[in-house]
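Taking it in order: structure first as structure tokens, then the write-up.
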Amino acid sequence: MNILIRAICLVGVISLSALVQAQEIKSEDPQASEATLTEQRQATEAEFKSLLEDLNGKSFSAKSKAITALSLLSDDRTLPILKKMQDGELFYRKSDGVIVFVAEVEEGLELTDVISGESLGVVGSRDARKIRINNGVRQQLRSAVALLELASPDRKLRLESARNMIKSPDDSLREVLALASKKEKSDEVKHLLDVAIARIDIQSDDQEVRADAVEVLGTAVEPEAVAVLNSLAKKGEDGKYLESNVEIAKLAELKLKSINTKLGIFKFTENLMFGLSLGSILLLAAIGLAITFGVMGVINMAHGEMIMLGAYTTFAIQQLLPNHINVSLLLAVPAAFLVSGTAGVLIERIIIRHLYGRPLDTLLATFGISLILQQAVRMYRANNVPVVTPDWLSGFWQVNGALSITYNRIYILIFALFVLAALALLLKKTLVGLQMRAVTQNRAMANSMGIRSNWVDALTFGLGSGIAGIAGVALSQITNVGPNLGQSYIIDSFMVVVFGGVGNLLGTFFAAMSLGIVNKFLEPVTGAVIGKIIVLVFIILFIQWRPRGLFALKGRFAED
Amino acid sequence: MLKNSILYTLIMNDKVGRYILAALLALAILVPILNIVMPEDSFLHVPTYTVSLLGKYLCYALLALALDLVWGYCGILSLGHGAFFALGGYAMGMYLMRQIGDRGVYGNAELPDFMVFLNWDSLPWYWLGFDSFTFAMIMVIVVPGLLAFVFGWLAFRSRVTGVYLSIITQALTFALMQAFFLNDFGFGGNNGLTDFKEILGFDIQSDGTRLTLFVLSAVSVILAYLACRFITTSKFGRVLVSIRDAESRTRFLGYRVEHYKLLVFIFSAMLAGIAGALFVPQVGIINPGEFSPINSIEIVIWVALGGRGTLYGAVIGALVVNYAKTYFTGAFPEIWLFMLGGLFVISTTYLPRGIVGVAESLMGKRKARSTHGSDDSPDQSDADNDKNIGEVKS
Chain A
1 MNILIRAICL VGVISLSALV QAQEIKSEDP QASEATLTEQ RQATEAEFKS LLEDLNGKSF
61 SAKSKAITAL SLLSDDRTLP ILKKMQDGEL FYRKSDGVIV FVAEVEEGLE LTDVISGESL
121 GVVGSRDARK IRINNGVRQQ LRSAVALLEL ASPDRKLRLE SARNMIKSPD DSLREVLALA
181 SKKEKSDEVK HLLDVAIARI DIQSDDQEVR ADAVEVLGTA VEPEAVAVLN SLAKKGEDGK
241 YLESNVEIAK LAELKLKSIN TKLGIFKFTE NLMFGLSLGS ILLLAAIGLA ITFGVMGVIN
301 MAHGEMIMLG AYTTFAIQQL LPNHINVSLL LAVPAAFLVS GTAGVLIERI IIRHLYGRPL
361 DTLLATFGIS LILQQAVRMY RANNVPVVTP DWLSGFWQVN GALSITYNRI YILIFALFVL
421 AALALLLKKT LVGLQMRAVT QNRAMANSMG IRSNWVDALT FGLGSGIAGI AGVALSQITN
481 VGPNLGQSYI IDSFMVVVFG GVGNLLGTFF AAMSLGIVNK FLEPVTGAVI GKIIVLVFII
541 LFIQWRPRGL FALKGRFAED
Chain B
1001 MLKNSILYTL IMNDKVGRYI LAALLALAIL VPILNIVMPE DSFLHVPTYT VSLLGKYLCY
1061 ALLALALDLV WGYCGILSLG HGAFFALGGY AMGMYLMRQI GDRGVYGNAE LPDFMVFLNW
1121 DSLPWYWLGF DSFTFAMIMV IVVPGLLAFV FGWLAFRSRV TGVYLSIITQ ALTFALMQAF
1181 FLNDFGFGGN NGLTDFKEIL GFDIQSDGTR LTLFVLSAVS VILAYLACRF ITTSKFGRVL
1241 VSIRDAESRT RFLGYRVEHY KLLVFIFSAM LAGIAGALFV PQVGIINPGE FSPINSIEIV
1301 IWVALGGRGT LYGAVIGALV VNYAKTYFTG AFPEIWLFML GGLFVISTTY LPRGIVGVAE
1361 SLMGKRKARS THGSDDSPDQ SDADNDKNIG EVKS
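Residue numbers (the numbering used here), protein chains in the order written: chain A, 1 to 560; chain B, 1001 to 1394.
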């Protein structure tokens, strides 16, 4: 039986090489290859159909033959069919034996023709039957699917397939893999294939082959490869290697050392990335606070609720446009800015205006506002609301086997930097910005130069709150949106402002990023909570050294 | 004799405070009598439940006094006074935990239930000594005092003031809350300390114990009031007020501002710790929620609404707000937070001197109308003096 499979595989391998050669020709001379490919297609269409019919042949050996033959044809339709069959979900219509895909609907089963992709209507649940497979056929399918995937012109598919090969090694596929590796042009895929082969070879009886395999595994960072090396280098209680071949065990140990250095670097990169993304969240949350505090000298305790309003605006817009999730998030940014900004201006005009020169009272009044807003939202919806993440934000970027970064982290980092840049431009290049800076530095002098500082205050408060709203949009993508959303970020934001210095974008930026990174590096060592406490204590001590933050304003105006 | 005269001046010069003290004293005497003597179906009977509730309010009043001393008189707006309160409470809770002995769920005489649950095999070092009531009571004062000393020394020395200080105190209590939520921290984690049985051998649930605790709370408030009154009317107190109103100027006059601040901050923290220690046996539980920033900030609203810078204002504010809280969270749970939020806004924008301020200005008008300012008694001038102290420039 084994010999038979090997033989079939060999056939597959040979044909694969032919196929790859054909592709090479194609890339060398596009016109010529186009011609050959169309000819091939025409010649095989009938053959393709008959082979498909054989998939539901009388004997399993007939099925196996059909699978092998199909895998030799370059037809895009083959792969999904074989995959379905592998999963045991390929059906045939009972009446005429036509092979179909099946989707369960209320009335019964909806059939789709596998060749044309046309719907064949809905039939009763007994009118279509599964194509039966046995272990031999399943094995056959595995290699056929692997063959097709590895020969696919789509690099992503090959990469994916190679990764799966590492995860589930199968010694019957070794030849397929070896050949694919030989023909592979992409270094990344080739490397993965070699690792997959090495994982198979390590089970071999030939010690030299095993040693070579260890060498290859030593260049990999995939967790599976590292696990193999770890088990090879494992020592028993008596201090001797569990592995019978000491040479190999030693080699594995040596390789592990260099791998661990590499993994350390990746871990570091990952932490850095997590830290930067946490930092960008903190930056978004704190930047508005820094402006209002800097310009007006008041702490806005309702800042967290402005963030919450932004997040709920995102939710509301998604409710309004349930079919345009991708667009709704982009729409939510200006909408949240407007909603939170308006709320900010209202709060300033109605309450804070009366409390100038009394920062502690402002703190208390805004805290009251935050309670009211929270309760208002809680009465609207007591629980968390579901905010949908659009497709382009989900998913992750697999750098290599040991390191992957989710897209939303990258986007939030970019977004935070964008907001920071926009704000810096506003402050440095516009008249409003100029006036804001003037009021920050010396209110009385600004007034006497004809700046209406109370309007600047209102605008500043609106701007700070609006940016908090934007932060809410970003936060809605990575955390639960509920009435307490703002509360969980407000203290952290304060820490950023206190750490970075008041009214200073650069200070806020550095403070947010360094706090984010420090937090994420402490987390694995001390645990999340202790890490947070250490950071808080650090800031309390830091204040001793620099009571006005990292980048304090200098000069006479800095003193109150 | 000297002590008597100090007490006499303290009481005689404090017109409103006199009534408040009298009322507290009456409460301390009347409530137990009404609870014990009156038959249960009588209109005048005070059920034990109410006694405990009143006791709780009195603990809050003590806490409010502590905060008013630092905020109203020295301008230090602490948003972390709940931390000192909770630490005092934990010290008391630890003593009560040790009193449970082997009557816990697991019947382990050596370890509290939660430690057995966590598979700890011995008592952590910081639990040692809490079998002794005296030691625990010392800790009730020392632990908050020590924290206040370390924190205050660091903060005041580097001249962290105003909103910065407020935010840092809030961060402090937030950090403590996070720490106490941890199981590994050794204070019962999320659930805190509860299931208390006895205090000094008396059943903690019994009416007698509850009455005693209530009377103790009332007496503590009275004593603390007198102590605070003594401090604020002394020369030390005058310096505190001048620090509040013009810190730099006081420093330039040669006073070591940070020493004054530190002392009053430590004293206030100790008072808060005592309040916590009285609070825990009356409510029967202490958990990390007491550290939450919102609790600390609620204390501020008691003082702000009552009238900061007047000690009796703090007491009145604590009683009024907490009574309102009990009533509204029972009757209209949804609107309580609206009301609390509204209180913050209104008391800061429209009532900067609180209920007491409103009452005073009403009384002042009436008085002015009836006497046309001919009254020049020492009493009156002293009240004016008080008013000046009471005015807060935060």
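All residues carry an ideal CB built from backbone N, CA and C; glycine is no exception.
- With a threshold of 8 Å between beta carbons, Ile-166 of chain A makes no contact with chain B.
- Beyond the five residues adjoining it in sequence on each side, Ala-252 of chain A comes within less than 7 Å, by CB distance, of Val-214, Leu-229, Leu-232 and Ala-233 in the same chain, given in chain order.
- For the segment 1344-1356 of chain B, the residues whose beta carbon sits under 9 Å from a beta carbon of chain A are, in order, Phe-1344, Val-1345, Ile-1346, Ser-1347, Thr-1348, Thr-1349, Tyr-1350 and Pro-1352.
- Look at the segment 1141-1162 of chain B: the residues with a C-beta under 9 Å from a C-beta of chain A are Phe-1151, Leu-1154, Ala-1155, Arg-1157, Ser-1158, Arg-1159, Val-1160, Thr-1161 and Gly-1162.
- Among the residues of chain B, those whose CB is under 8 Å from the CB of Phe-494 of chain A are Ile-1167, Gln-1170 and Ala-1171, following chain order.
- Leu-363 of chain A is not a Cβ neighbour of Met-306 of chain A, given a cutoff of 8 Å.
- With its beta carbon less than 8 Å from one in chain B, Leu-536 of chain A belongs to the interface.
- For Asp-113 of chain A, no alpha helix (DSSP H) run applies; the uninterrupted beta strand (DSSP E) run containing it begins and ends at 108-113, by DSSP.
- A direct Cα-to-Cα measurement between Leu-159 of chain A and Leu-173 of chain A gives close to 16 Å.
- In this structure, A:Phe-101 is the residue among A:Ser-59, A:Phe-101 and A:Lys-94 with its C-alpha nearest to the C-alpha of Arg-77 of chain A.
- At a cut-off of 8 Å between beta-carbon atoms, Lys-520 of chain A makes no contact with chain B.
- Sixteen is the threshold: when 16 or more other Cβ atoms of the shown chains lie within 10 Å of the Cβ of Thr-1161 of chain B, as they do, the residue is buried.
- Between the alpha carbons of Pro-1112 of chain B and Met-1137 of chain B lies a distance of about 20 Å.
- Under the 8 Å criterion on CB atoms, Ala-365 of chain A is classed as interfacial with respect to chain B.
- Residue state for Ile-202 of chain A is assigned as coil, using DSSP reduced to three classes.
- In this structure, DSSP gives Tyr-92 of chain A an extended state, which the three-state scheme calls strand.
- Secondary structure of Phe-1130 of chain B (DSSP, three-state): coil.
- At least one CB of chain B lies nearer than 8 Å to the CB of Val-529 of chain A.
- Setting aside the 5 residues that flank it on each side, Gln-435 of chain A is surrounded in the same chain by Ile-451 and Val-456, each with a C-beta closer than 6 Å to its C-beta; the list follows chain order.
- One thing to note: Leu-522 of chain A has its Cβ no nearer than 8 Å to the Cβ of Gly-516 of chain A.
- Taking 8 Å as the threshold, the shortest C-beta distance from Ala-1175 of chain B to chain A falls below it.
- Here Met-1097 of chain B is buried, its C-beta having at least 16 other C-beta atoms within 10 Å.
- At a cut-off of 8 Å, the C-beta of Phe-1338 of chain B has a neighbouring C-beta in chain A.
- With a beta-carbon spacing of about 17 Å, Thr-479 of chain A and Val-496 of chain A fall beyond the 8 Å limit used to define contacts.
- Counting the other CB atoms within 10 Å of its CB gives Ile-1301 of chain B a total of 16 or more, which places it among the buried residues.
- Close partners of Met-379 of chain A in chain B (Cβ separation under 8 Å): Glu-1334.
- Arg-129 of chain A sits in a strand when the DSSP states are folded into three classes.
- Inter-residue distance for His-354 of chain A and Thr-1349 of chain B is about 7 Å (C-alpha atoms, whole angstroms).
- The segment 1101-1115 of chain B and the segment 1200-1213 of chain B do not touch, with fewer than 3 CB-CB distances between them shorter than 8 Å.
- The C-beta separation of Met-1092 of chain B from Val-1280 of chain B comes to about 5 Å, placing the pair in contact by the 8 Å criterion.
- One alpha carbon belongs to Leu-1176 of chain B, the other to Glu-243 of chain A, and they sit about 51 Å apart.
- For Val-496 of chain A, the uninterrupted alpha helix (DSSP H) segment begins and ends at 487-500.
- The C-alpha of Tyr-241 of chain A lies about 59 Å from the C-alpha of Tyr-312 of chain A.
- The criterion of a C-beta distance shorter than 8 Å is satisfied by Ala-1318 of chain B and Tyr-1060 of chain B.
- Contiguous beta strand (DSSP E) elements confined to the segment 424-482 of chain A do not occur, taking only those with 3 or more residues.
- Contact annotation: in the segment 370-398 of chain A, residues whose CB is within less than 9 Å of a CB in chain B are Ser-370, Leu-371, Ile-372, Leu-373, Gln-374, Gln-375, Ala-376, Arg-378 and Met-379.
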